[in-house]
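Residue numbers (the numbering used here), protein chains in the order written: chain A, 1 to 112; chain B, 1001 to 1113.
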């Protein structure tokens, strides 16, 4: 079956530091890949997505590239802010039913 | 963002009682989903719906049932709640395409004593 593995947190950074969250996946077909973000006390919001190999998703200064050869979709941001403190989830979906499979989530804490 | 609401937002109940959670969306989305969120597990799919009266099981469906009598509403029922069903429950919906983005509700925190 499908699975998503992402690095465990918490990740603690200083403001303006570089952030990387690793995500690798296992899938039987050709999935779409997503990063969702959950701010404290809220539901999940889509941060970015990529639907085919070598696509790069980007939003709010975050980027991730769909790497089929390494089955990875690592999230990066060059200069984090305190407002980026949240839990980040990597996920995949395959076309049938558009069901999402999530990683365990990575909590990120950015200190001023 | 899609208009998707959940009710109640918080609920405390006792073991063995029935519980129904409601999800309501105003986007005329075809697909709707129920997930549970537990520490270390991310979100796991309980049930999903691909149209009115069309539902199917997800990864962790045991002990849960769903119904969808209207496009906008998707109900999750715990027939006899257990302590292992203490969790945060999220509803999501997505549009016509099978790869469309899923939009999530704010969540329901359920505690089973």
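Glycine included, C-beta positions come from ideal geometry on N, C-alpha and C.
None of the values given here were measured: they were computed from a predicted structure.
Problem set entry | Rounded Cβ spacing between residue 1095 of chain B and residue 1029 of chain B (contact assumed at less than 8 Å) | About 5 Å; that satisfies the 8 Å criterion.
Exercise. How big is the Cα-Cα spacing for residue 1115 of chain B and residue 25 of chain A?
Worked result: Here chain B covers residues 1001 to 1113 and nothing more, so residue 1115 of chain B does not appear.
Problem set entry | Closest by C-alpha distance to residue 39 of chain A, when choosing among B:1112, B:1104, B:1078 | Checking every option, the nearest Cα to that of residue 39 of chain A belongs to B:1104.
Exercise. Got a sec: is the Cβ-Cβ distance from residue 63 of chain A to anything in chain B below 8 Å?
Worked result: With 8 Å as the cut-off, residue 63 of chain A does not count as an interface residue toward chain B.
Problem set entry | Sheet register partners of residue 41 of chain A (DSSP bridge) | The partner list for residue 41 of chain A (beta bridge, DSSP) is empty, contrary to what the question assumes.
For this session: With DSSP as the reference, label residue 965 of chain B as helix, strand or coil.
Result: Since the first and last residues shown for chain B are 1001 and 1113, residue 965 of chain B lies out of range.
Exercise. Around the C-beta of residue 1009 of chain B, are 16 or more other C-beta atoms found within 10 angstroms, so that it is buried, or is it exposed?
Worked result: So residue 1009 of chain B counts as exposed.
For this session: Please confirm whether residue 35 of chain A and residue 75 of chain A have their CB atoms less than 8 Å apart.
Result: Taking 8 Å as the cut-off, the beta carbon of residue 35 of chain A is found closer than this to the beta carbon of residue 75 of chain A.
Problem set entry | Endpoints, beta strand (DSSP E) assigned at residue 25 of chain A | Residue range 23–26 is occupied by the beta strand (DSSP E) that includes residue 25 of chain A.
Problem set entry | When B:1089, B:1072, B:1102 are compared against residue 1064 of chain B, the one with the closest alpha-carbon | Selected option, being the one with the closest Cα: B:1089.
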